[in-house]
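These notes concern the structure reproduced below.
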Amino acid sequence: MITYKKQFYPELEPSDFDKHIAPILTYIDELKVPNDYKINDLNSLDAQESYPFHNPCRMIAKRALGDAWDSSLEDNLVNPEPFKAAICELFSQIAFSYLIRSFAEDIKSETDTSMDPKLAYQQYIEEMMSTQFAKFSTTYAVGWGRCNNLLTNRATALVDMINLTQKHRDEIEIELGIPKTSRILSIESGGDTHNNGTSVAIITFELGEKLVFKPRSVSGELGYTKFIQEINTIITPEMPCLQVVDCGDYGFTSFVETNEENMDMFQAGRLACLMYLLNAIDMHYSNILWTNKGPLPIDLETLFHPSRIRVGTTESKRSAYHALEKSVYGTGVLPISLTTKGGKGSVDVGFTGIRDQRSVSPFKTFEIRDGFTSEIRVVWKPQIIDNTLSNDPEFEAQIHERCDAIINGFTELFMQLLPNKEKFTQAVTSSFSDVKFRYIHNMTYRYEQILRILSDAEPSRNLQTAHTLLSRTAILSVSSDTNLVVSECEQLWNGDIPYFSIHFKGTDVYAGNKKISHVPASPEAQFLSKMQNLTMEDLTTQTNLIRLAFVAKLADPHADGELQLEESESIEPENNKFMVNTVKDFNDKRHKEIIQWFSNSITRTSLDDRYAHLPKTWVGPVARHGGQGWTPGVLGYDLYNGRVGPALALTIAGELLNDKDAQSVSADIFDKSAKILSDKSFELRNVLLSGIGGFSGVSGLLWTLYAAGNFIHNDEWKTAAVEAWPLLHQSLSMEDPQFFDMITGKSSSIAMRYQTQTDFMLSEDVLRTATTMAQAKLNDPGTEITSGLTHGLGQLVWFFSLVNQRQENKDGIELVQTIDRMIQTSYTNKEGIIEIYKEDGTRNISSSWCNGLSGLLIAYYEAYKAAILPRESVVNILDQLKRIPVSRVPVLCHGSLGIVEALEYVSELFPIETADILAGMKSTFCSPEYIFTYYKNGKGRYPLSPGLMAGKAGALLHLCRSLEPSIQTSPLTFRN
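Counting in this note's numbering, the sequence shown runs from 860 upward without gaps.
The following block contains the structure:
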């Protein structure tokens, strides 16, 4: 019996295993391995091999096809022998994928290591084939049985396909125009298998005619055809559709030639609108084709997709996850990236995405080394994919052009259908009333990963290991019906991608003809609810998501501008006191109006988390794993771009303007966050998974909770934050390569704790560890270190200066002074400007907080306050900042708002030195009108983000601070 072992379930605790894995183990234990596949009466093959173990795989494939084949089928084929040979080759490749790792392991134990590896390989396969795999099939009985079972199922499905095609030749001739006398030339069937080895296939006939056979109900395709024919009377231009022969549990559709030279993004936008209204999902690049008549969806089984099956707590009706799933982004038509958790690769599978190679996968694939020898190795390697975000102006123009075209197409169809909601709804309900759709519980690539793991050598020979790995399927569905997971396991064990179905008007979910679960509302009911509540506000929401999906391809804009400091010394007239007051009163009123606009914009777009007892959140840009760009998603708990940043900004704006709505949203987030921390509930463990980093981890949540509590005098929030620090900081003394990264590391976390817990002191162990890691970082010749604050040398200066202000540390003082010398000698160019990279040879200067002079200004200011560096070192950076172009993008991280916050912080001790540049910034790139115009009209990612460091919340916080200078709360200095 399977028991809990951390090596197999690293994500789970024993209690999780008992709750989610244990209930399915009895069912998994009943999954046996067919062992009656014998290869008899087959001659050994000695044909030229195209890949290792090709001939043994041919033998296995020939057995599978031979057992199922009926010679009477050959009357329907143009050339039976080449036809069967092609099928055998397909089957042999499947056998190879299932057995190669077992072959590679077995050959090492069954051959003499003193032999020539090539000769040993030949001897091994000859003996294995001559004995009909007798020993191998016993040693690797699990893999052998599962592989042969799948091939038998595929061979049987192929025979059934030919018979069913012949059965319906009359209808095919009438509907699809293929003469019933035309024999079958070839069948291409290489996709996923479902329901005992069946798969979609393209059948080519002797005169070149083609059709598509689908071994499942094509009622969705037929319903869509009827629907399109009906709505084409109320929209223009018309949309294309397939021709369909519906035969009940299977059917045929017309084969459509693609024309990718006719990529009309306007028409793609119209289709995106239609798919959004029909609650479609999985409309990725292989399920829609570019044709001469426009984009044509060819797989219509995932229209009207119901919400994911969940048990336990009911999902909120205003769930952000539900909103995203049912959005235009959820259809799959827009650019959408699949990525691995490690963040080393991604691939755009969206229909309108940009792909250099459409088949590239971010997941590991195997390659064969030392093939055709006894030393053969199967090595897993990730795909090498360039994830670099583009800052090419031409590519950026192309992205915006595509995006605008899709938005225009989406908008046009939306505006055509909104006044005709009743006709549109009637067309849907009448066309799809008897349709059976597919319910997708997990993405196909998740299932493929499990199938790949099961074909490894160890689970191929050990049944308990195979069952244990199969049980991990439950981890994908910890909140779902156990019956559903059991069915997934059964189908995966059979070698198929799990397949479930649901009727348009029903709530029961089926696997085959067996009812296994249900959803709370039918696909029809969910569609009718969407149509009933459809308004112009939905158009704005969806077009924003379209733009967000596209700009995720682009690098963050870092536009710079020149400040004319001599012209900005006097912003308001000084001679006329009455005029000054009038201007100020007017400016303050407009300033408040702009703050209110930002506050309303953020407040009105807030949504619930999956469950109503969790803190509210937003849909916006979230960082993909590994920081490789952005994608639309539900905001987490991080400070950089998560939900706590907007909550902090709304707390302050709510108090400043007495805005009850803003106060309500922020209080919801912080009250529930404090409860999660105080109760140490199940959700706390999930929150802690985000890590320790100040801007990407839990530390940002603790700091914002304390800062918000401090601002409105809520002691419960402050107490919850302070009491959570020890739990988070249990591993401070452990070495961490990311320690000195301000976004993800421990250094920023320590600084946040300093600001929220006045009696906190670092232990000697932590100080020693930090000093050792800092010295190693400086002395590592293979590491390129920037000069900047968030990731580079500035971070070390800043951290050890803060430490020295709290607790004197001689090693830290020496480090800061050493780093200062490094920056002055190796990072400063001939003009006396500190550059980002050491001796780079190019002009890589920046004014920003994250990587440029503003961040270094804060670091050096802390060093000055700690009495480590002289006053002149701060003045020097201020002078440099005045001499370079400054960012004119109004965001905190790498924009003008961050520059102003840094300057305002330093101005407390350097008022004269900062006055002119602050005046210049506040009257230009940080003026309320400039910020408002940018966010109201901008097309980039920042106007679409509610986030703090690179979005609206950062702008709102800045505007509140500029209206009321006594507000000191800042994510750049961690003051509260």
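C-beta atoms are modelled at their ideal positions from N, C-alpha and C, and glycine is treated no differently. It should be emphasised that the depicted structure is a prediction, and the values quoted were computed from it without experimental measurement.
- N1342 and I1375 do touch by the CB rule: their CB atoms are close to 5 angstroms apart, below 8 angstroms.
- For E1068 against I1037, the beta-carbon gap comes to about 4 angstroms, under 8 angstroms, which counts as contact.
- Non-local C-beta neighbours of H1817 in its own chain, meaning closer than 6 angstroms and more than five positions away in sequence, comprise L1756, ordered along the chain.
- Collapsing the DSSP output to three states places K1373 in a strand.
- Between L1674 and A1722, the gap from beta carbon to beta carbon reaches 8 angstroms or more.
- Between the alpha carbons of H1650 and L1560 lies a distance of about 21 angstroms.
- Judged by beta-carbon spacing, S1113 lies beyond the 8 angstroms limit of L1130, meaning their Cβ atoms are not closer than that value.
- In the three-state reduction of the DSSP assignment, H1143 falls in the strand class.
- Rounded to the nearest angstrom, the Cβ distance from S1045 to F1125 is 37 angstroms, too far for a contact under 8 angstroms.
- Fully contained in the region 1114-1162 are the following alpha helix (DSSP H) runs of length 4 or more, in chain order: 1124-1136.
- Residue state for G1479 is assigned as strand, using DSSP reduced to three classes.
- Under DSSP, T1687 shares a beta bridge with I1693.
- The Cβ neighbour count for K1605, taken over all protein chains shown within 10 Å, is at least 16; the residue is labelled buried.
- Straight through space, the alpha carbons of I1061 and S1607 are spaced by roughly 57 angstroms.
- Rounded to the nearest whole angstrom, the C-alpha separation of K1451 and A1521 is 14 angstroms.
- Each of T1510, L1728, H1377 and A979 was checked against the Cα of S1360, and the nearest Cα belongs to H1377.
- In the DSSP assignment, E1047 forms a beta bridge with I1061.
- The shortest CA-to-CA distance from D1419 to any of T885, G1754 and K1798 is the one to G1754.
- Within the model, the alpha-carbon separation for Q1285 versus E1089 is close to 10 angstroms.
- In the structure shown, the three-state DSSP call for S1766 is coil.
- Counting along the chain, P1318 sits inside the alpha helix (DSSP H) bounded by residues A1316 to R1320.
- Judged by pairs of C-beta atoms under 8 angstroms, the region 1393-1410 does not touch the region 1167-1179, as fewer than three such pairs exist.
- Taking a cut-off of 8 angstroms for Cβ pairs, the region 1563-1574 and the region 1542-1553 do not touch, as fewer than three such pairs fall below it.
- In the same chain as V1059, and ignoring 5 residues on each side of it, the C-beta atoms closer than 6 angstroms to its own belong to G1050 and K1073, in chain order.
- Ranked by Cα distance from E889, the options Y1794, A1325 and T1462 are led by A1325.
- CA-CA distance, Q1739 to F1791, rounds to 29 angstroms.
- With respect to the C-alpha of Q1614, the residue from V1625, P1640 and G1553 having the closest C-alpha is G1553.
- Taken in chain order, the unbroken stretches of beta strand (DSSP E) that lie wholly in the region 1478-1535 and span 3 residues or more are 1478-1482 and 1489-1493.
- Around the beta-carbon of K1781, 16 or more other beta-carbon atoms lie within 10 Å, marking it buried.
- Exclusion of the five residues before and after Q1597 leaves T1603 and G1604 as the residues of its chain whose Cβ lies within less than 6 angstroms of its Cβ.
- Rounded to whole angstroms, the separation of the alpha carbons of R1502 and L1637 is 35 angstroms.
- Distance from the CA of F1291 to the CA of L1137, rounded to the nearest whole angstrom, comes to 11 angstroms.
- Between S1707 and I1682, the C-beta gap is not smaller than 8 angstroms, which leaves the two residues out of contact.
- Residue pairing by DSSP places D1367 opposite H1377 in a beta bridge.
- The alpha-carbon of I1693 is positioned some 57 angstroms away from that of D877.
- Taking a C-beta distance under 8 angstroms as the contact criterion, L1009 and G1056 qualify as a contact pair.
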